[in-house]
Each structure stands twice: as C-alpha cells, then as structure tokens.
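Engineer:
4 protein chains.
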Amino acid sequence: MLNIGVVGCGYWGNHILRNFNSSENWNLVIACDKEQSQINKVKSLYLNTRFTLDFNDILNDPNIDAIAISTPVSSHFELAKATLLAGKHAWVEKPLTSTKEESEELIEIASSKNLILNVDHTFIYTSSVQKIKNLIDSNDLGDILYFDSVRINLGLFQHDVNVIWDLAPHDISIIQYCIGKKPIAVNATGAGLVKYGLKNLENIAYVTIHFDDWSIAHLHLNWLSPVKVRKIIIGGTKKMLVFDDMEQSEKLKIYDSGVKVTSRDDIYDALVQYRIGDMYSPSIGNKEALKEEVEHFYQCILNGQHTITDGEAGLYVVKILEAANESIRLNGEKIKII
Amino acid sequence: MLNIGVVGCGYWGNHILRNFNSSENWNLVIACDKEQSQINKVKSLYLNTRFTLDFNDILNDPNIDAIAISTPVSSHFELAKATLLAGKHAWVEKPLTSTKEESEELIEIASSKNLILNVDHTFIYTSSVQKIKNLIDSNDLGDILYFDSVRINLGLFQHDVNVIWDLAPHDISIIQYCIGKKPIAVNATGAGLVKYGLKNLENIAYVTIHFDDWSIAHLHLNWLSPVKVRKIIIGGTKKMLVFDDMEQSEKLKIYDSGVKVTSRDDIYDALVQYRIGDMYSPSIGNKEALKEEVEHFYQCILNGQHTITDGEAGLYVVKILEAANESIRLNGEKIKII
Amino acid sequence: MLNIGVVGCGYWGNHILRNFNSSENWNLVIACDKEQSQINKVKSLYLNTRFTLDFNDILNDPNIDAIAISTPVSSHFELAKATLLAGKHAWVEKPLTSTKEESEELIEIASSKNLILNVDHTFIYTSSVQKIKNLIDSNDLGDILYFDSVRINLGLFQHDVNVIWDLAPHDISIIQYCIGKKPIAVNATGAGLVKYGLKNLENIAYVTIHFDDWSIAHLHLNWLSPVKVRKIIIGGTKKMLVFDDMEQSEKLKIYDSGVKVTSRDDIYDALVQYRIGDMYSPSIGNKEALKEEVEHFYQCILNGQHTITDGEAGLYVVKILEAANESIRLNGEKIKII
Amino acid sequence: MLNIGVVGCGYWGNHILRNFNSSENWNLVIACDKEQSQINKVKSLYLNTRFTLDFNDILNDPNIDAIAISTPVSSHFELAKATLLAGKHAWVEKPLTSTKEESEELIEIASSKNLILNVDHTFIYTSSVQKIKNLIDSNDLGDILYFDSVRINLGLFQHDVNVIWDLAPHDISIIQYCIGKKPIAVNATGAGLVKYGLKNLENIAYVTIHFDDWSIAHLHLNWLSPVKVRKIIIGGTKKMLVFDDMEQSEKLKIYDSGVKVTSRDDIYDALVQYRIGDMYSPSIGNKEALKEEVEHFYQCILNGQHTITDGEAGLYVVKILEAANESIRLNGEKIKII
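Residue numbers (the numbering used here), protein chains in the order written: chain A, 14 to 351; chain B, 14 to 351; chain C, 14 to 351; chain D, 14 to 351.
1. When burial is assigned at 16 or more other CB atoms within 10 Å of the CB, is residue 200 (chain A) buried or exposed?
2. Could you tell me if residue 143 (chain C) is buried or exposed, where buried requires 16 or more neighbouring beta carbons within 10 angstroms of its beta carbon?
3. At a cut-off of 7 angstroms, is residue 342 (chain B) close to the ligand PLP when judged by its beta-carbon and the heavy atoms of the ligand?
4. Is the separation between the beta-carbon of residue 186 (chain C) and that of residue 322 (chain C) shorter than 8 angstroms?
5. To the nearest angstrom, how far is the alpha carbon of residue 290 (chain D) from that of residue 308 (chain C)?
6. What residues in the stretch 284-300 of chain C bring their beta carbon closer than 9 angstroms to a beta carbon of chain D?
7. Could you list the residues in the stretch 21-39 of chain A with a C-beta less than 8 angstroms from some C-beta on chain B, going in chain order?
8. Thinking just about the alpha-carbon of each residue, which of C:131, C:213, C:257 is nearest to the one in residue 274 (chain D)?
9. Chain C beta carbons: is any one of them nearer than 8 angstroms to that of residue 263 (chain A)?
10. When we look at the beta-carbon of residue 104 (chain D) and count the other beta-carbons within 10 Å, is it buried (16 or more) or exposed?
11. Cβ of residue 253 (chain C) less than 8 angstroms from any chain B Cβ?
12. In chain order, what residues of the same chain have a beta carbon less than 6 angstroms from the beta carbon of residue 341 (chain D), not counting five sequence neighbours either side?
13. Chain A partners of residue 259 (chain D), CB-CB under 8 angstroms?
14. For residue 235 (chain D), which of D:82, D:263, D:73, D:177 has the nearest alpha-carbon?
15. Beta carbon of residue 349 (chain D), beta carbon of residue 198 (chain D): below 8 angstroms?
16. Do residue 160 (chain C) and residue 247 (chain C) have their beta-carbon atoms positioned less than 8 angstroms apart in this structure?
17. Going by beta-carbon coordinates alone, are residue 42 (chain A) and residue 163 (chain A) separated by less than 8 angstroms?
18. I'd like to know whether the C-beta of residue 338 (chain A) is nearer than 8 angstroms to at least one C-beta of chain B.
19. How far does the beta strand (DSSP E) with residue 18 (chain C) in it reach, from first residue to last?
20. Report buried or exposed for residue 113 (chain C), applying the criterion of at least 16 other Cβ atoms within 10 angstroms of its Cβ.
21. Can you grab the Cα-Cα spacing for the pair residue 414 (chain D) / residue 172 (chain C), in whole Å?
22. How is residue 298 (chain B) classed by DSSP in three states: helix, strand or coil?
23. List the endpoints of the continuous beta strand (DSSP E) containing residue 26 (chain D).
24. Start and end of the alpha helix (DSSP H) containing residue 260 (chain C)?
25. I need the DSSP call for residue 99 (chain C), collapsed to helix, strand or coil.
26. Just mark residue 253 (chain C) as buried or exposed, buried being the case when its beta carbon has 16 or more other beta carbons within 10 Å.
27. Locate the beta strand (DSSP E) running through residue 242 (chain C), then write down its first and last residues.
28. Fully enclosed by the stretch 82-169 of chain C, which beta strand (DSSP E) runs are 3 residues long or longer?
29. If residue 90 (chain B) and residue 119 (chain B) are in contact, beta carbons under 8 angstroms, what's the gap, nearest whole angstrom?
30. Give, in chain order, every residue of the stretch 132-161 of chain C whose Cβ lies closer than 9 angstroms to some Cβ of chain D.
31. Can you tell me whether residue 215 (chain A) is buried or exposed, with buried defined as 16 or more other CB within 10 angstroms of its CB?
32. As a quick exercise: from D:294, D:122, D:73, D:259, pick the residue whose alpha carbon is nearest that of residue 266 (chain D).
33. Might you give, ordered along the chain, the residues of its own chain that have their beta carbon closer than 6 angstroms to the beta carbon of residue 280 (chain B), omitting 5 neighbours on each side?
34. Please report how far the alpha carbon of residue 20 (chain C) lies from the alpha carbon of residue 270 (chain D), in whole angstroms.
35. Please decide whether residue 268 (chain C) counts as near chain D, where near means a Cβ-Cβ distance under 8 angstroms.
36. Are the CB atoms of residue 102 (chain C) and residue 314 (chain C) within a distance shorter than 8 angstroms?
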C-alpha cells in the first residue's frame, strides 16, 4: 500500500478523497485545505485521515508517497514542483499549469527524479473514451478527418479562468489520447457576453485546432446555453462516430456512412458518392473513471511507468489552451504551436 | 394576375414552378432551361406553360411581368441585371450574387426603375422563423447575446461553391431578418477534407460573425456529418430559444433560463446566479414557405413595396459570405465588413 | 399492361389512383365515387382516366382486369363480391370485410374463379416491415416471446368504426406476416371517452392476443393522445427489436439483450441473468410501400399467385378485430378464435 | 427528536437507513436483518446505530418511537401488526400487505391506537408527482379521461411476486394520490414468458382499471423489455400531460391539445375537432423523495395526522393488485372491486 496526501477539499477534491479512501492500494493519510470550513464539511467521512490547514504538513511527512493536488490552476505549478522536489509522486488536477514553460519544467523534474507525474484528465478513464480509443486504434474509423465537440450548458462561471480553460481540457485530452495527431496551429474566437469580475473572461468560445496532416478539430464551449450538450462527432474516412454523453444508454453510435470520390479521369466532374450504412452502438461498461485512474496511478508508481495521462499529455493540453487565449487576444489570428 | 417566367428547371426550380403554377395570382407563362433533359422531366406537369432553351424568349416577351431565376450563383448577376433592365421584377435564388458589388448594382438598378428585387431566402417565410422574429421583436428574449447554428449532414457536394456558400445563407438570412444587428467583422476556418474538383472547396467550415454591439453569431457548416442536424440556439438576456428543425413537432423551445450578475460592490466577487425556469414550445403553423413567398412577392409588386427578403437582405448575406471566404484564405484573420 | 378501375376517390383512394397511374404496368382506365365533389378534386390530375358516379360503369366494362376498392368497410363485401363475380381481380382496402364469414366467402369465390384477391395491408410493403420479416425468418431474434405495439395520436375520429378497426389492422397484419403464429383468443378493454355519434364507439382500446404457443401480443390504440407514437417492441429469446416509425432515421433497433435462466438444479433458486449487448440499427431502403404493392399485385396476377397480403391474411385480421369487439362487449372476457 | 428502528438492510433498506440517519429529526437507534452478511455490508456507515439479527430487540426497546419495515411483502403484515400492537408508529414498504383484509386490519389497529401507519409509496414524494397532483387539483387538465402508463425494462426478476406486484404499486399509488377516483373493476392479462421458480410468475402484464365515472387507467408492466421506459400519459378534457421519467430534464410536458365535439344537432354528424396548442414544461425541483417522506412522517407523528401515503392509500393499491391477479387467473375476466 502507498500513502497519499490530498491538497484541496473542494468539490472535485472530495471525489478524489473518496476514491483514494475506498481503494485497497492506498492509505488516505492526510488532507489539507486553506479553509477550515471546507475541512469541516468532509472530515467526518474520513475518520482515519488527518486534516490540516498547512500544505507543509503533507510535504514534510516522510511517509507520504504521493500528493494529489486539487486546487485552482494558478497554484498547480508551485504545489506540484514542491511535491516533486520533495521526492513524492504528483497527481495534478487539469489543466496541468498556466503556461507551457511550467508544464515543461514539471516534466523535466519528474523525469530527472524518476517520479510519476499524473495529470487528472479523468475523462480518459471513462469506458466511453476507452472504447473510442479502441475503435480508432483498430482503424475501424479509417483516417480521422475531423473532430467536432459541443460542450455547453448553463454553467458555473469561474472567476479565475475563461470558458476555454474550464471546459476545453476534456476535449483536448480526448484528442490527445484517442487521435494523437500533432497540433500545429489554433484559431479561436469568443466573447465575455455576461460581464462580471475584473477580467471580462470569455463565457462563450469557439476553437479550431489544425493538425499537421491538415485535418481539424473544433470546440464549441459555452456557459450560457439553456440546454446541456455534450456531443462529439468524429469523422473518419471509413466510418463516423457520434458520442453523446447526455444519453443514459447508447452513448456511442458508429455510422457505417461516408463519402467516396469516384471517376477522377476528369477531375472537375469527379462524382462524390454517399454511403449510408448500418449504425451500431456498442455496449460499454459503467466503471467510475476516477476509481480506474486511482488504481492506474498506483500501478504506474509500482512499475515505474508513465500514466496514460502523463506530463506530456498535460503539456499538449496547456499548449493548445495558451494558443487559444492568444488567438482570441489577436482577433482570431492563427497561432502556431511550437 | 401577373405573368411570371422561370429560369432554371432543376431541383429548386421545379418547386418554384409548382408554386407559381398553383397560385391564383400568377400565370406561369414560360420557363427555360439550358438542358432539354431538364425541361423534359417537368413539362408534362405544366401543360399550359411554354418551355424554351433560350432565356431571351422570356426576356423579350412583353407580357412577362416578373422573372424568377433559379440557376447557379455565378449566373445570377447577369440574368437578374438583364431582367431588371428589361423592366421586369426579379426573383433571385440565394445567394443573390457572387460579390457585394454585384448585389449593390442590382439594388441600385431596381431602385432607379422602381422594380421589386426579391431574394429567395425561403426559410424566412417558414412559420418557425416568423415566430422567432415575433419573439425577438416583442422583446420576449431580451437583448440577444449570441446566435449559434449547427447545419450539418452527409450532404450534396457542390461543384461551384464551398459549404459556406451552400448552407450559410439560410442562417445569415435568419440573423438578418430576426436579429438585424450590423455585422462588423467575420472570422472563418475550414478545410477541404475530401478532395474533389479543381478548387479543393471547403467541405467543413466554422464562421464567427461579430456585431457592432459585441454580441456574436457562429455557424457550423459541414457536408461530412453522419447525422443531419439543423439546430439553432439564440441566447437572450431574458430567455433563450432552441430551434430544432429536425423535430417533427415542438421545433421551437423557449427556456425561461438565464444568468444574473449580482452584488457588484466588490466586482471581483460578483455572484453569477442561474435561473432555470419553465420551458414552453409554442404551436406553430405548417404553411409551405415558398407558397407564402410567392404571394408576398405578388403583393409587394402590387403595392410597390420591398419584400421582406429584398436586395438589402441579399447584400447582407453576400457581404458575410465574401468575408468568410476571405478569412479562410487569410488563415482565420478577422475580416472587417464595410 | 393491365387495366384497373378504382372505386372511391377519397384520401386513400387518391394515393391508389396516383400509384396505379404512375405504374408502367397498369392503365388507370376508370374511377368512380358517389360524390361528384370528390371526383372534381382529383380528376384534373388524371387526364386520361374516365370518372363516373356509377360503380356499374366499372363493373360492366369488359376491358377492366381488376378493381381497387377504397370505400368504407361496410361496403367492402358487396363491392368485392360483385368484382370477383364479374371475373375481375380484386384489391380491397383494409380491413377486408366487417365479418369473418364475409371474408371467407370472398376467399372462396376468388379461389373458385382463379382470381387474385389482394387486401391493401400497405404497411407490409414498407422497407421496415420487410426487414423485420427478414430478421425473424432468419432466426436472428430467436423464438418470439411477445409483440407490443403503441399506436396513438390525436386522431381522426371515424364515424363508422371504433379505434380498433381503424388502427389495429396495421399491427395485426404485421403480426400475421412477420410472426405468423396462430391466434387462439383475444381480450380487449376500451372506452368511448369522447361521446359522439349514435354508437359511442371506443376512442381508446387495449387488445391482448394469445397465440397457440402461449406467447402474446398487445396493442394500445388511442385517438386521444397528445403525442403521436408508433412504436413496436418484439421480444425474442435471442434478441429484441424496437421499431419506432416516428424516427426519421434509425427506425429499427435490434438489441442483443435478453434474459437467461441458469442453475435449475434447485428450481426455486434459478438465477435469471441479464445480458446487455450491442445495439445495431440496419440501414433500410426508402421505397413507397403502395408502389411496391401495385407492382406485386401485377406480378401475382400475371403468375397466378397469391399476394403476400391475400384473402387469408385479410381473414386473420378480421377474426381478431371481431373477437376484440366481442371481448369489449363482454367486459374483457377472453374470446376464443376459431 | 424521535427514535427509529429499521427492519431489513437490503437494497431499499439501505436507502431508508441513510435518510433516517441524515435527518435532524430522527435518531437511527437500531436496525435488524436476518442475514449477518447484510448487516456487515452497511454497519460501518452507521457507527452510532446498534445492529441485531432479532426483530424483538427493536420491538421490545421502549425508547423506539417508530419502526420502518423494508422486508419481502409476505412478512409486512406480521411485522407491522406487531409494531402497532407494541404502540409504535409503522412505516411499511410498498405494497402494504399481501391481501386487502390484512391492510384493513392494520388500518383498524393504527386507528384504534392513534398511531401513524405510513406506506412507503416513495414516488408520491417526488417533485414530479407533486407537480402532477397540483395540476390536476387546480383543474388545469380538466376532467381526467384516461391514465396510461408504460413501466418496462430488462428487469430484476422477483422470486416471490409477479411483475404486477413489483412495478404496478408505483402507478397505482400515483393514480390514488393524484386522481383519486374510485376503482370499480379490473381486467388483466399477462404471461410467464421466461419460466423460472416454482410459480411461473408473470414477467409481462397488462392491467386495465375502470373507475366509477367510466374513465379508465391502463398499465403495461414488463421485465423483458430491451429498453427502459417510464412514461405516463394523462388525458384530460382541457389539457393532456406526458410524464417521461427517463428524461434528465423536461420530465413533465403539458399539452394544450384536445378534442371538441361540436354541432350536436344531428348527433350522428357531430364534428370532432382537434385543438393543437402550445406545450409547456414546468421547471420542477430536485429533492430526494425519500428525504421528503422521512420528514413528512416525523411531522405527521408530531401532529397526529395521517401521512399522504397512509393505510387507506396502501389498501387502495392492494385491492387493485389483488384484483389484477384474480383477473389473470380467470382469463382476463372483469373483477369487481368492493
């Protein structure tokens, strides 16, 4: 068994506490939060866990093997860096850091000290995303032409980040994990339609990602929609997939439909033909993603292997988030990703 | 009764023929098409109508009051200009012309000769769009914050225009008619994912329109989707509307939901509150839009009034289409609309 | 080519006229209706067809090979009998007759005179029902355990028959064609909730059909539903099927789900296990059913073969309709079918 | 605060434990189950609660004010009777008892000893059902013409009761609470399509309930459906309601649609006209029903008032369940309810 400390006992922190606590591979030894009120809300549920207001109580505990960080984005870098420098494995809530340089530094430290750096891209551990990865890896869909996501709702406005940094990590991590193409540039537009706070953060945004093979991805992110939509379409040369996460069953539908270009003798008169075939919806499991991730983190520490949501995956996401913000600042200009 | 001539007997031309033929206010006197085969397909249905291969047979017929033009976009300007110069009222399929200069010239000629120039933005005449116009005009939705449209399907690839020019006129004409804000700039991205023809036209595109009050519209246009989606969300400060044209009933849903910013003393801690209220779906009629348009065209000619889809409406659409193409050419750069 | 005469030019009669008229195998020679106003509505569409008020004009025309009867149920027997006795093939709208004795008499006459008697169970000719027949015949579903249909809407009240006779023939003809089991008894309940006419006919009814292998079918028929539902579930021992005819695509869904009884050593503790597998939705064609039926009728006349919706199929439906009415009259008592 | 004891720690018992435990008005003093394994599963969650194998430990504890019984139906009567005779208030899982005589006896004992007898018709405490009750009481729907429920899924087969006793109590309790009409007779059909156990219990059943004003209710209950459906339609003379409990939002839809009979001079030619009006979907709360029920039980004990799901409500349900079983035994015959 390994010993875990948790930083941040808010909404998501509480899910992290619950899953580490119920795991047979982990001891939930200690947890901290800057607000006593947050601690009071949860401590009765974890009677064998110490609670503290001071992060250093975790950092300086030599029994702690790993620290899970569930705090606002702006504090991720500092906390994760301290964790790794203290020789402990790090689990960091998404997005990994506020800048790509910070992500790169964390990756380097983890690597040099042989520590596991896991980014909590929880969605990757759902049965749905695992199935999508599977379908793409086995070439069922053929080459991927486009990825289109709509992730909108009447949402919890964040005070520190805009709608892109709040919602897009889900989609970008899916793109990174399932499709894995190299992003070369980003365009983004958006607006702060409801004014609040000092920063006039965007509440609605549209992001286009260009890959090195000219295929594209697009994200619609919106905190101001009357209906909640979680829908991804992935178009392949062989088949096309629709993932509707609001469905209670039949979340994934694969369409044996597509387009075929024929008679290219006279290129201008090339016929574009349509093929409408069967649809099928695979039965997928119903495991709790976070529980899967907690066990995977344990196994990777034991085996000295990267998690499937490692620092590089986190960096991939941060690069695109940064470029999207930059594109909005420059009126939608195409921002290269280096 | 007025006498109409129709140019172009293809798919849409046939609907135009049928509606002018069944109107009690119009004589369908003559129709032409460059292909005898097209004429042969339809002529048995219109036994009292002359069919010809030569547009001049219509143009030179002094009995003809108006000409309806249903041909490829590139020919609209020439045919409509000839029509107006011959002193006949013009009905032109959408989009009005290939360039905004051409649209402006047609508007000017029509104006100077007191002729009606109608652009066939058929969608405007549907009961659904009339109801949306109504709801916005009566301030039921409050100020409009955003307009988001998804118009995708496994579609008929066009050989002369890209997916924006094919599908976006529907949405832009709705924006022009229902919201009527002044567009000031456009960003667009897209890709020709399936290569065909000489031009590598975009099969998928995303267009953001910026208005002079900082609200925005966004269109997702796609010929490569396995599922057909026709869904528009309009977010207002008071209520929000979803128009799903694929529903057989309950196409329009109005949500009494929204966001309210309170306690702005300390601006950073402003609370953004959510209001989830009732939804209602108004019963809307089921009239054929094209039939409504044919009668409206007749009345406007009689009364010397502009149609609700006049040259200015057509110009509004063409300006945005042109800017979208220009933005794609310039890698998504924001293109001003003058 | 064969010569057809049509009796009854109302709503459905008009569809029959259109399909015989557009067939290359049929001459639509003559049509009659008792109301001149009905004739006036349609005659301009069939310029080569004679229209008459007198059925005898059709009956006595030696050139007529077959007569299609689309009149109220109560007149079917008399008209069809006269047709067959005149040596002409008969096409009769569903349900075949008002009593099973009448159906039996028509079957006998047709048989003795080697004439084709076709009952217009149009639904059987849809691509959906053909696909269902296919799936059942190939044993994809296994043994059929139950058939459940909901066929409800805010409907056109009939003045001569109740909701069972109006709507159930669709379902019963599907049961007869696709499942083909022998019905042995019927229970039915219902109510005339909206009073009108002299007969207080049922506007809502529920019918249970018992087959000779103890499997069952159930129909919910309702003219008073605010929503239109056309949904059939067929439960098999291997797979289960849902046919939702209100869907624009994906009308048929086949679920690889079911129940398995295991460990029967101790019968009381037998475990009933659930299997939730993949779902698939086959692509089905989009042919007009009535057009298919018109061609099939022609082929069967040429080849001297029964249609797939012959007199026996019609009799199957009438027997169950009669028993359902009888069961309602006797407070839901189980009525044997002989 | 009042002291509660709980009998039965299975699936539903656990929900009862949780809600009494988290209530500020109740002390969860003691709980029992006949199986130590069931106790072991839950006892760590309730550290201040005594667990026992012996019901008498609860019954004989003078501090216990009320006992909640969550055991198989066949034991309800005995346990509830002992509870009431011991002078404690009783909470009994649905259905109240196996026979109407038993229910009547419990009602009488509770009455004579001034004790509260609550039947756990949990559904009644959902926001949806409360809203339906409201709409009917305020005459928004007009007179109720029919109630139609479909409650089907690939379900947990029960070994002691058939599908009617398992699923119908939900619907019948809604009918009792919201509509409140007097049932006068029941017809039912059904089949044990999957054979298991000694009793060949029905896995699929259809129940028609007749009320004293000739309106009707119908239930479709099925453990063998590949899709889960929870849909109720209530037809009123003014409006009609659809309650789809599988929807995540918009569970309730009210249709301003209906039928109107006019021109009754000549009764046979009465016109039945259709009115299709707006639909609206009220926003409803999201409270946990069981929590509401636990607080209501407390208040009713304090005030000496019947709960809204009292013994009479339980008797109403049991009478119809008994009649339905009797009707199936007698081949669907109409069974009077006395």
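For glycine and all other residues, C-beta sits at the position ideal for the given N, C-alpha and C.
Structural biologist: Inspection of the coordinates gives the following:
1. With a threshold of 16 other beta carbon atoms within 10 Å, residue 200 (chain A) meets it and is buried.
2. Classification of residue 143 (chain C): buried, given that the 10 Å Cβ count is 16 or more.
3. Looking for the ligand PLP in the displayed structure turns up nothing, as the structure carries no ligands at all.
4. Taking 8 angstroms as the Cβ cut-off, residue 186 (chain C) and residue 322 (chain C) qualify as a contacting pair.
5. About 41 angstroms.
6. Against chain D - using a Cβ distance shorter than 9 angstroms - the residues of the stretch 284-300 of chain C are 284, 285, 287, 288, 289, 292.
7. None of the residues of the stretch 21-39 of chain A has a beta carbon lying less than 8 angstroms from any beta carbon of chain B.
8. With distances taken between CA atoms, residue 274 (chain D) lies nearest to C:213 out of C:131, C:213, C:257.
9. Flagged as an interface residue toward chain C: residue 263 (chain A), by a C-beta distance shorter than 8 angstroms.
10. By the neighbour-count criterion, in which 16 or more other beta carbons inside 10 Å mark a residue as buried, residue 104 (chain D) falls on the buried side.
11. False, the Cβ-Cβ gap to chain B never drops below 8 angstroms.
12. So the qualifying residues of the chain are 201, 203.
13. Ordered by position in chain A, the residues that pass the 8 angstroms Cβ test against residue 259 (chain D) are 261.
14. Taking each of D:82, D:263, D:73, D:177 in turn and checking the Cα distance to residue 235 (chain D), the smallest one comes out for D:177.
15. In this structure, residue 198 (chain D) lies closer than 8 angstroms to residue 349 (chain D) by Cβ.
16. Against a cut-off of 8 angstroms, the Cβ pair of residue 160 (chain C) and residue 247 (chain C) comes out as a contact.
17. Cβ distance not < 8 angstroms, so residue 42 (chain A) and residue 163 (chain A) don't count as in contact.
18. Chain B contact via Cβ: absent.
19. Per DSSP, residue 18 (chain C) belongs to the beta strand (DSSP E) from 15-20.
20. Buried is the call here.
21. The question about residue 414 (chain D) has no answer here: the residues shown for chain D are numbered 14 through 351.
22. Reduced to three states, the DSSP call for residue 298 (chain B) is coil.
23. Element bounds for residue 26 (chain D): not the beta strand (DSSP E) but the alpha helix (DSSP H), 24-35.
24. Premise fails: residue 260 (chain C) is in no alpha helix (DSSP H) and is neither H nor E.
25. Here residue 99 (chain C) sits in coil by DSSP.
26. Answer is buried; the Cβ neighbour count reaches 16.
27. Where residue 242 (chain C) is concerned, the enclosing beta strand (DSSP E) stretches over 237-249.
28. The stretch 82-169 of chain C contains these whole beta strand (DSSP E) runs: 102-106, 130-133, 157-167.
29. With a Cβ gap of about 7 angstroms, residue 90 (chain B) and residue 119 (chain B) count as contacting.
30. If the cut-off is 9 angstroms between Cβ atoms, the stretch 132-161 of chain C has 158, 159, 161 near chain D.
31. Around the Cβ of residue 215 (chain A), a 10 Å sphere holds 16 or more other Cβ atoms; the residue is buried.
32. Measuring from the Cα of residue 266 (chain D), the nearest candidate turns out to be D:294.
33. For residue 280 (chain B), the pLDDT reaches just 49, beneath the cut-off of 50, and the residue's location in the model is therefore unreliable, leaving the point undetermined.
34. Spanning the two alpha carbons is a distance of roughly 35 angstroms.
35. Interface residue, yes.
36. Taking 8 angstroms as the cut-off, the Cβ atoms of residue 314 (chain C) and residue 102 (chain C) count as close.
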